[in-house]
Every structure is written in structure tokens, then in C-alpha cells.
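All remarks here apply to the structure that follows.
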Amino acid sequence: MTPFLALARKHLTESRWLLGLTATALFALSWLTVVITSLTEARVRKSMGSTRGLRGLAFRGVEGPVRELASVAFEVAWWSHPFILINVLLWAISRGSAAVALEIERGTLDMTLSRPVSRSSYLASQILVGVSGIGLLCIAMVLGNMIAGRFYPVETPPTLLILARPAWNLAALGLAVYGYTLLLSAFDSVRWRPNLIGSVLTLTGFVLLVIANVPVLENWKWLGNLSIFKVYDPVSAAVTGRDLAFNTAVLGGIGLAGIGLGFLGFLQRDLPANS
């Protein structure tokens with residue numbers, strides 16, 4: 275086994291419990307969105323005495339793809355819920371902050387780099403595990419929805435391709451958060467600072483978007499443009515896919531820029547003694 279793969283295996287082993295529990299939570303939450311949609315449609319049909327669910331009531335005045343994929347829109351709208359977002363972003367922030375700062379804080383980075391391992395191989399293995407974990411969490415979301423759909427039928431069930439679009443948008447959001455947290459970690463020597471700053475930046479972005487969408491705060495709508503969550507729109511991605519390429523490009527660009535700058539900074543920085 276090459277040093278790179280050995281390091282990747284080590285990082286994955288260290289984070290397996292966080293990854294496993296987070297993936298399980300997202301699978302269950304995705305399953306729950308299907309259950310809620312199925313039960314809601316059943317109640318609508320019963321109360322209205324109609325064979326049509328959400329398309330016949332909740333989306334009565336809406337035309338086009340949103341109405342035709344009413345069940346999909348209802349399910350995927352939950353993908354913006356904080357309970358779902360926090361699981362993906364928790365992984366992104368924790369792995370980003372652990373990439374460099376945690377190893378320095380532990381005093382184990384010197385020992386790792388004293389072996390036939392280059393700095394680039396070390397950080398690349400961290401990035402591989404972090405980014406792969408984000409992908410796995412998004413796959414858990416898709417699987418939870420697809421499997422639950424076999425037990426709780428909905429009026430317009432999503433296909434794998436339809437679910438892949440919001441999952442891709444969610445993965446890009448996780449990559450953006452991972453990127454700027456990794457950048458902070460690459461220049462720090464203790465984990466709490468990149469953890470704190472990454473969390474504050476992410477929470478601030480979410481709060482700005484909330485403020486921008488409050489009807490009585492119309493003069494503050496411009497704040498939404500400062501939030502990375504502005505380009506996270508799972509419903510639009512699933513139903514039309516219209517803005518998916520742009521949204522993914524923006525979020526992916528932020529993530530890749532953070533990873534690239536963090537990589538360069540780590541290669542050039544002086545590491546503290548006994549790190």
C-alpha cells in the first residue's frame with residue numbers, strides 16, 4: 275500500500291464513527307421526508323374527496339414542472355431544513371479543521387512527515403477523505419428517498435436522475451464550506467479557531483438568507499447575495515435544473531479556491547516544532 279493510500283485509510287478510520295452516524299441520520303431524515311409527503315397526500319385526498327394529492331390542492335394555481343412534480347418539490351424542500359444541512363456541514367467543518375490544525379495541535383504531524391510522506395501527499399489524503407465523505411452523505415440522502423418510496427408511495431415519485439440534481443447541489447454546498455474551513459486550518463496551529471470561524475461564517479450566511487426572505491425587511495434583501503446559501507436551491511435543481519449549473523459552479527469555485535489556497539499555504543508555511 276502506498277503512503278498516500280495508507281494515510282487516507284488512517285483518516286477514514288479515525289472519522290468512521292462521525293461519517294457512519296451522520297450518513298445514517300441523513301438516510302433516516304430523507305426517508306422521513308417521503309413518509310411526510312405520502313401521509314400529507316393521503317390526508318389531502320381524504321379531505322378533498324379527490325384522487326389527486328398535492329397537485330390537486332397545494333399546487334392548484336401553479337403550472338409547469340413544479341405542479342407536475344409536486345411530490346418531488348414537497349420532498350426536496352425539506353433538504354433545506356437545518357436538521358439536514360447541519361449534518362452535511364458538520365462533516366465539512368470538522369474534516370476541514372482537522373486537516374492540518376488538529377494534527378499540529380496533537381503534535382503528530384512531525385511524526386507523519388518524518389516518514390517517506392510528502393506534505394502534498396499528506397494533505398491530498400485529507401482532502402480525499404473529506405470530499406469523499408461529502409459525496410457519501412449526499413448518496414445517503416438519495417438512497418433514503420429511493421428506498422422509502424418503495425414503502426410509502428407518492429403521487430409523482432422522483433427518479434434517480436431527478437434526485438441526483440439536488441444531491442449535487444448539496445454536495446457543492448458542503449464542498450464550499452469544507453474549502454474555506456480547510457483554508458483556515460492550513461494556516462493555524464489549533465483546531466478550535468478554524469472550527470469556530472468556519473461555523474460562524476456558515477451560520478452567518480444562513481442568517482443573512484433568512485433576513486433577506488423576511489417580507490417586512492424588504493430593504494435588507496441585498497444581504498441574501500452575500501450568503502452561500504443563496505445558490506443552494508434543491509427544489510429548483512430537482513424540478514427544473516435551470517440554475518443548477520450556475521449554483522454548482524459558484525459553490526464549487528468557492529470550495530476549490532479554498533482547497534487550492536490551503537494547499538499552497540500548507541506547502542509553504544513553517545510548521546511549529548513538535549507538531
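Under the numbering used here, the first residue of the sequence shown carries the number 275, and numbering increases by one thereafter.
Glycine residues also receive a C-beta, built at the ideal position from the N, C-alpha and C atoms.
Quick check on DSSP: helix, strand or coil for residue 405?
Residue state, collapsed to three classes: helix.
Just mark residue 421 as buried or exposed, buried being the case when its beta carbon has 16 or more other beta carbons within 10 Å.
Exposed: under 16 other Cβ atoms inside 10 Å.
Determine the extent of the alpha helix (DSSP H) in which residue 381 is found, giving its start and end residues.
Note, residue 381: premise wrong, no alpha helix (DSSP H); not H, not E.
Taking the C-alpha atoms as reference points, what is the distance between residue 541 and residue 531?
Cα to Cα, residue 541 sits roughly 15 Å from residue 531.
Less than 6 Å between C-beta atoms, sequence neighbours within five positions excluded: which residues of the same chain meet that for residue 307?
Contacts found: 349 and 352.
Give me the Cα-Cα distance between residue 550 and residue 491, rounded to the nearest whole angstrom.
Nothing in the structure corresponds to residue 550, since the chain is present only between 275 and 549.
For residue 455, which of 369, 380, 489 and 415 has the nearest alpha-carbon?
Among 369, 380, 489 and 415, the Cα nearest to that of residue 455 belongs to 369.
Should residue 283 go down as buried or exposed, given a rule of 16 or more other Cβ atoms within 10 Å for buried?
Residue 283 is exposed by the Cβ-count criterion.
What is the DSSP secondary structure of residue 267, counted as helix, strand or coil?
Only positions 275 to 549 of the chain appear in this structure, which leaves residue 267 out of reach.
With respect to the alpha helix (DSSP H) encompassing residue 540, which residues constitute its N-terminal and C-terminal limits?
Note, residue 540: alpha helix (DSSP H), 518-542.
As a quick exercise: from 363, 357 and 400, pick the residue whose alpha carbon is nearest that of residue 376.
Ranking the options by Cα distance to residue 376, first place goes to 400.
Taking the C-alpha atoms as reference points, what is the distance between residue 383 and residue 433?
Spanning the two alpha carbons is a distance of roughly 45 Å.
Hey, how far is the Cα of residue 520 from the Cα of residue 389?
Approximately 43 Å, taken between the alpha carbons.
Just to confirm before moving on: does the CB-CB distance between residue 450 and residue 536 stay below 9 Å?
Contact: no.
Could you give the first and the last residue of the continuous alpha helix (DSSP H) run that contains residue 484?
Run containing residue 484: 466-486, per the alpha helix (DSSP H) assignment.
Please classify residue 350: does DSSP put it in a helix, a strand, or coil?
Helix.
State the Cα-Cα distance for the pair residue 477 and residue 448, rounded to the nearest angstrom.
About 13 Å.
What is the DSSP secondary structure of residue 285, reduced to helix, strand or coil?
Helix, per DSSP.
Along the alpha helix (DSSP H) that carries residue 426, what are the first and last residues, could you check?
No alpha helix (DSSP H) contains residue 426, which DSSP labels as neither H nor E.
Do residue 304 and residue 419 have their C-beta atoms within less than 9 Å of each other?
Taking 9 Å as the Cβ cut-off, residue 304 and residue 419 qualify as a contacting pair.
Quick one: what's got a C-beta closer than 6 Å to residue 545's C-beta in the same chain, skipping five residues either side?
Contacts found: none.
Would you kindly work out how many angstroms separate the C-alpha atoms of residue 318 and residue 429, rounded to a whole number?
Straight-line Cα distance between these residues: approximately 12 Å.
Going by DSSP in three states, residue 448 sits in which element: helix, strand or coil?
Residue state, collapsed to three classes: helix.
Could you give the first and the last residue of the continuous alpha helix (DSSP H) run that contains residue 365?
Where residue 365 is concerned, the enclosing alpha helix (DSSP H) stretches over 356-371.
Are the CB atoms of residue 475 and residue 467 nearer to each other than 9 Å?
In this structure, residue 467 does not lie closer than 9 Å to residue 475 by Cβ.
On the criterion of 16 or more Cβ atoms from any shown chain inside 10 Å, does residue 465 qualify as buried, or is it exposed?
Classification of residue 465: buried, given that the 10 Å Cβ count is 16 or more.
First and last residue of the alpha helix (DSSP H) that includes residue 510?
508-513 is the extent of the alpha helix (DSSP H) around residue 510.
Restricting to Cα atoms, I'd like to know which of 496, 365 and 409 is closest to residue 234.
Any property of residue 234 remains undetermined from this structure, which presents the chain solely from 275 to 549.
Do you know how far the Cα of residue 514 is from the Cα of residue 441?
If I take the Cα positions, the gap works out to 14 Å.
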